[in-house]
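Chemist: Take this structure first; my questions come after.
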Amino acid sequence: MSAAAIRARTRALEGAGLRTFGSEDPIVWERTAGAHVWDADGREYLEMNGGFAAASIGFCHPRVTAAIAAQAGTMTHCPSAAPSQVRADFYERLIGIAPDPLTRVIPAITGSQATEIAVALARAETGRREVIAFGGGYVGRSPGSVAYAGKPSYRAPLGVPAGAQFLPYPDPYRSPWALGADPGDAVLALLDQYLDDTGSGVDTPACILLEPVQGNGGAVVPPDAFLRGLRERCDRHGVLLILDEIQCGFGRTGRMWACDHAGVAPDLMTVGKGIGGGLAVSAVLGREACMAAWSPDAVSSTFLTNALGFAAGIAAIDVLVDEGLVERAAALGDRALARLRAGLAEVPHVGDVRGRGLLLGVELVADRATRAPDHARAAAAVRRMRERGVIVGHSGRMMNVVKLSPPLVTADGDWDRVVDDLVDVIANETAGSAA
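In my numbering, each residue's number is its place in the sequence shown (first place is 1) plus 40.
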């Protein structure tokens, strides 16, 4: 059946609200393998958005497929009240790659659910309610997690009010509020005002929640000293530090976890996307003391401990380690960042080129002097890349960033082609009016 026919059938039945028809002609996926996607009309694409950064080890990795098939023949569903070997195996694999102080697991299904669990656990552990989160942050879109999202546009459609005190994220490129100071230092000074001033109007929080590298915020990398400063203040005030590594973790930034770059370990860490190998698997990892707040049956969901997902997760972790994909992400990312910066250095509508490992962003602006965001030009670049058979992301606080979050298994030649195409598209095919 043609892509047009499938789109028409879907439109006739689907309720409003999903992202499916954010464009008139979304790609109709038919088949995936590695870093490749084929649509219903047989056209092949390089999928450099990684299924929203979830295809860390690639699509349909043979080892994951084999693990799913083997598990499906034995047991697919196992309720959370019943232990299983595959569950224990998954926990051991996950803790085996976790930062050293994190020794306990609470499973979840989606990243949003992991966020909800982590915040609830922090509140239970500390006896406090307040959450400090950050502008531009993306920690889930469920009603229970979107309250901590850094974009009001995520909350408004669901009628969810802000559930946190928000601080600006220390974006080295776009922090005019820092007035020329190091943005990390400026944010820490604001945090000190919250925590130290008894008249600040902010209660001592249960937790500080953030992404060590913002993904949907536009591949924003804060100064390493900022994360270290957060760790010190959390320790001093008895506040739990929750790091969201759902998108930036699992090898994507060229270290196993993005927080490893700063040498910082959180109290609680949410993980997901790539750890499921293509299935819906997430978790909260925590320090021993933080994970002792709840009695049995405090948290549950029918498919929380799905055996099929755990089997896929075990295989995905093994692939990441055995195939050296963390090191591969670092090498490919360094090469691409250097090429993008060199190739776009003189392009007046490129404001910033940034990222770590295989989480990269090119921020497009009307001009470099004003840094006015150019959403239309970014959308045009995404479209031009699609016309060349490459899927890239469209992100950023003001949706003016072209983002790359490809599978870590992307072939060298394919990756070099993508980077060259992106340089050419941004430099030569989005000049003048993006419209």
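C-beta: ideal position from N, C-alpha, C; glycine also.
1) Using three-state DSSP, classify L230 as helix, strand or coil.
2) Given this structure, state the Cα-to-Cα distance separating A198 from P183, to the nearest angstrom.
3) With a threshold of 16 other CB atoms inside 10 Å of the CB of P223, please say whether the residue is buried or exposed.
4) What are the boundary residues of the beta strand (DSSP E) that includes L380?
5) Rounded to the nearest angstrom, what separates P147 and V324 at their Cα positions?
6) Could you check if D461 is buried or exposed, using at least 16 other CB atoms within 10 Å of its CB as the buried criterion?
7) So for T50, helix, strand or coil by DSSP?
8) Please return the same chain residues whose Cβ sits closer than 8 Å to the Cβ of R83, not counting the five positions on each side in sequence.
9) Report yes if the CB atom of A162 is closer than 8 Å to the CB atom of I282, and no otherwise.
10) Considering only their Cβ atoms, is the gap separating E156 from S185 smaller than 8 Å?
11) Tell me where the alpha helix (DSSP H) around F174 begins and ends.
12) Mapping DSSP to helix, strand and coil, what is Y194?
13) Between the Cα of A225 and those of P413, L267 and A189, spot the shortest distance and give me the residue it belongs to.
14) Since A412 contacts V126 with CB under 8 Å, what's their CB separation in whole angstroms?
15) In terms of DSSP beta bridges, what is D362 paired with?
16) Can you give, in chain order, each stretch of the alpha helix (DSSP H) that sits fully within the region 308-367 and has at least 4 residues?
17) List the residues that DSSP assigns as beta-bridge partners of W69.
18) Less than 8 Å between the CB atoms is what I'm expecting for V253 and V242, so what's the real figure, rounded?
19) Do I466 and V387 have their C-beta atoms within less than 8 Å of each other?
20) Between the alpha carbons of T116 and T238, how many angstroms are there, rounded?
21) Closer than 7 Å to a non-hydrogen atom of the ligand MG - does that hold for the CB of F266?
22) In terms of alpha-carbon separation, which member of A106, G291 and L348 lies closest to E363?
23) If you drop the 5 nearest sequence neighbours on each side, which residues of the same chain put their C-beta closer than 8 Å to that of G190?
24) In the DSSP output, what is E403 paired with across the bridge?
25) Go through its chain and collect everything with a Cβ distance to A45's Cβ below 6 Å, but skip five positions before and after it.
26) Taking the alpha helix (DSSP H) that P102 falls in, what are its first and last residues?
Modeler: Once the coordinates are examined:
1) helix
2) A quick correction: the sequence has Leu, not Ala, at residue 198. Approximately 7 Å, taken between the alpha carbons.
3) buried
4) First-last for L380: L365 to L384, but that is the alpha helix (DSSP H), not the beta strand (DSSP E).
5) 6 Å
6) buried
7) helix
8) G429
9) yes
10) yes
11) Looking at the DSSP string, F174 is not in any alpha helix (DSSP H); the run it does join, the beta strand (DSSP E), is V171 to F174.
12) helix
13) One point to set straight first is that residue 225 is Asp, not Ala, in the sequence displayed. D225 has its Cα closest to that of L267, out of P413, L267 and A189.
14) Not confirmed; about 52 Å, so no contact.
15) Paired residues: none, contrary to the question.
16) 347-362
17) D79
18) At roughly 26 Å, the Cβ-Cβ gap does not stay under 8 Å, so V253 and V242 are not in contact.
19) yes
20) 53 Å
21) With respect to small molecules bound, the structure shown includes none, and the ligand MG cannot be examined in it.
22) G291
23) A173, F174, G175, G176, G177, Y178, F206, Y209, G257 and R437
24) D392 and V441
25) none
26) P102 to A112
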